């Protein structure tokens, strides 16, 4: 008779496990070191419906004042693909290490219908509680 072992849950953002990937950021035990890491943790927060984390990582200049998660909306997040961390390509052109851009595609179902969210997100790193922190500023949706 074999024993079943329960594997640690995979991180919604695509990382190995939630505990070793986005979990420490969502719990407040660590600060995301890069804009891409922040974007991945924000995706995981959307999957979990963790609105307080989303708001705390949203830059004050663009943070919504209305709720961002609607519990009535039937959402099922299906996966995340990071298309590029544009900062790598722009590093030579810019000297501003406190701004970054990440392109991603998130797949989801809204009321059972499949959708893709393709966004180029802008991030800024500023002094905040605990040191320098990355914040989501805004995003655009390429054609």
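Residue numbers (the UniProt record's numbering): 1 to 143. Think of the CB as a built atom: it goes at the ideal place given N, C-alpha and C, for glycine as much as any other residue. Note that the coordinates shown come from a computational prediction; the quantities given were computed from them, not determined experimentally.
Inter-residue Cα distance where the pair is residue i and residue j
{"i": "residue 12", "j": "residue 36", "result": "14 Å"}
{"i": "residue 83", "j": "residue 107", "result": "13 Å"}
Which of helix, strand or coil DSSP assigns to residue i
{"i": "residue 101", "result": "strand"}
{"i": "residue 66", "result": "coil"}
{"i": "residue 36", "result": "helix"}
{"i": "residue 45", "result": "helix"}
{"i": "residue 81", "result": "strand"}
{"i": "residue 1", "result": "Caution is warranted here: a pLDDT of 48 is assigned to residue 1, below 50, making its placement in the model unreliable, and no coordinate value can be reported."}
{"i": "residue 7", "result": "coil"}
Neighbour-count burial assignment, residue i, 16 or more Cβ in a 10 Å radius
{"i": "residue 42", "result": "buried"}
{"i": "residue 33", "result": "exposed"}
Among the options, nearest to residue i - alpha-carbon criterion
{"i": "residue 59", "options": "143, 122, 131, 109", "result": "122"}
{"i": "residue 57", "options": "74, 127, 143", "result": "127"}
{"i": "residue 79", "options": "114, 66, 52", "result": "114"}
{"i": "residue 118", "options": "103, 74, 125, 138", "result": "103"}
{"i": "residue 46", "options": "20, 142, 99, 68", "result": "68"}
{"i": "residue 125", "options": "116, 112, 101", "result": "101"}
{"i": "residue 110", "options": "130, 28, 30, 76", "result": "76"}
Endpoints, alpha helix (DSSP H) assigned at residue i
{"i": "residue 127", "result": "Note, residue 127: premise wrong, no alpha helix (DSSP H); beta strand (DSSP E) at 113-128."}
{"i": "residue 18", "result": "No alpha helix (DSSP H) holds residue 18; DSSP gives it neither H nor E."}
{"i": "residue 140", "result": "First-last for residue 140: 131-140, but that is the beta strand (DSSP E), not the alpha helix (DSSP H)."}
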